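K.L.:
Quick note, the sequence shown lines up with residues 963 to 1062 if you use the working numbering.
I'd like to ask you about the structure that follows.
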Amino acid sequence: MTDTNRCSAAHAEDPTPCVGPCDAVTILDGQGNAAAGCEHHGARMLASIDGARVEPGSVVGAATRVLAAADTIRPFCWYENAPRSEPGQLSAAENRARNA
Ligand SMILES: [Zn+2]
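See the structure below:
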């Protein structure tokens, strides 16, 4: 079931609800697409798309928090049974720890 009340950064297969305003941040995918999102889904989207960037939205400080949170979130983290062994399947923080 699709919850149409969620922000546009929420992935269709991510079951989690929004946290805070749905336009707290804007996520740019590096391909010219932009999606307004809440902090929760903005961070998840940022962690999942290679080359994505976050820009400030309606909530002051949200973009900074999203950037920090995305660092520790695994790509497409809602796929709980996905393999997590390749660099592209791990969070940025995990990859840094591996290569330290
Ligand atoms: Zn959301």
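Virtual Cβ for every residue (Gly too), placed ideally from N, Cα, C.
Computed from a predicted structure; not experimentally measured.
(1) Am I right that Ala-1024 and Ala-1054 are in contact with their C-beta atoms under 8 Å? What's the rounded C-beta distance?
(2) Going by beta-carbon coordinates alone, are Ala-1063 and Met-1007 separated by less than 8 Å?
(3) Taking the DSSP output, what are the residues bridged to Ala-997?
(4) Would you say Glu-1001 and Val-1022 are within 8 Å of each other, going by their C-beta atoms?
(5) In or out: Ser-1047 buried (at least 16 other Cβ within 10 Å) or exposed?
(6) When we look at the beta-carbon of Ala-972 and count the other beta-carbons within 10 Å, is it buried (16 or more) or exposed?
(7) Which residue or residues does DSSP assign as beta-bridge partners of Val-1016?
(8) Take Pro-1045 and list the residues in its own chain whose beta-carbon comes closer than 8 Å to its own, dropping the five residues that flank it on each side.
P.N.:
Answer, in terms of the structure:
(1) Locating residue 1024 in the sequence shown gives position 62, counting from the first residue. Locating residue 1054 in the sequence shown gives position 92, counting from the first residue. Their Cβ separation, rounded to whole angstroms, is 19 Å, which puts Ala-1024 and Ala-1054 out of contact at 8 Å.
(2) Nothing about residue 1063 can be reported from this structure: the residues present for the chain run from 963 to 1062 only.
(3) In the sequence shown, residue 997 corresponds to position 35, counting from 1. Ile-989, per the DSSP bridge assignment.
(4) Position 39 of the sequence shown, counted from the first residue, corresponds to residue 1001. Position 60 of the sequence shown, counted from the first residue, corresponds to residue 1022. No, the Cβ-Cβ distance between Glu-1001 and Val-1022 is not below 8 Å.
(5) Numbered from 1 along the sequence shown, position 85 holds the residue referred to as residue 1047. Exposed is the label assigned to Ser-1047, since fewer than 16 other Cβ atoms lie within 10 Å of its Cβ.
(6) Along the sequence shown, one-based indexing puts residue 972 at 10. With a 10 Å radius around the Cβ and a threshold of 16 neighbouring Cβ atoms, Ala-972 comes out buried.
(7) Along the sequence shown, read from residue 1 onward, the residue named residue 1016 stands at position 54. According to DSSP, which records beta bridges pairwise, Val-1016 is partnered with Ile-989.
(8) For the purposes of this step, residue 1045 is taken as residue 83 along the sequence shown, with counting starting at 1. The beta carbon of Pro-1045 is closer than 8 Å to those of Gln-1051 in its chain, skipping five residues each way along the sequence.
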